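Residue numbers (my numbering): 17 to 156. As structure tokens, the structure follows; a few thoughts come after it.
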Ligand code: 5GP
Ligand code: ZN
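Next up, the structure:
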């Protein structure tokens with residue numbers, strides 16, 4: 017299913033032109049309009065899913081292999097030495113387009129620092145409380 021109000025549905029379906037690096041019957045991979053680094057790409061399923069929690073399992077099973085394939089091609093084609101796979105869910109996590117997508121961000125020697133965080137701290141009581149509350153939901 018697609019959503020007629022969704023820009024990524026329109027891009028994935030070819031209704032709006034994009035710089036496409038890969039396409040098959042289920043996915044289109046495009047270059048991000050505001051690249052974090054040279055070659056920053058987005059994997060878009062052609063079907064509309066709001067985020068990872070709504071993603072069809074069969075589509076999901078194909079996303080990581082495709083991310084690996086795109087990343088390997090970037091290393092050869094662009095000369096990046098690595099890449100990040102980033103996927104945002106929800107506004108607080110930085111999601112701005114509510115059509116599931118995966119960022120493939122090439123990383124270059126000496127390139128800008130990104131996709132990083134300062135390690136925090138938690139004690140064993142907090143770990144126990146967190147793990148039991150998530151487990152409870154998963155088992156219900
Ligand atoms: P999010 O923040 O939702 O994880 O990522 C959305 C990404 O889509 C952003 O990196 C943004 O630059 C990119 N983007 C938004 N609109 C368009 C568009 O119309 N075309 C392309 N190619 N990228 C877009
Ligand atoms: Zn959509």
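Where a beta carbon is used, it is the ideal one built from N, C-alpha and C, also for glycine. It should be emphasised that the depicted structure is a prediction, and the values quoted were computed from it without experimental measurement.
Spatial neighbours of residue i within its chain, please: CB distance less than 7 Å, with the 5 preceding and 5 following residues excluded, ordered by chain position.
i, result
"residue 79", "59 and 118"
"residue 52", "121 and 130"
"residue 102", "119, 121 and 131"
"residue 144", "none"
"residue 71", "65 and 116"
Residues in its own chain within less than 6 Å of residue i by CB, not counting five upstream and five downstream?
i, result
"residue 18", "25 and 64"
"residue 112", "none"
"residue 124", "96"
Among residues of its own chain, excluding the 5 on either side of residue i, which ones have a beta-carbon nearer than 8 Å to its beta-carbon?
i, result
"residue 66", "114, 115 and 116"
Which residue comes first and which comes last in the beta strand (DSSP E) that contains residue i?
i, result
"residue 35", "Neither: residue 35 is in no beta strand (DSSP E) and is coded neither H nor E."
"residue 99", "98 to 102"
"residue 118", "118 to 123"
message: Report the start-end ranges of each alpha helix (DSSP H) in the segment 63 to 87 that is 4 residues or longer and not cut off at the edges.
response: none
- prompt: Would you say the segment 82 to 95 touches the segment 34 to 54, given that touching needs at least three Cβ pairs under 8 Å?
  reply: yes
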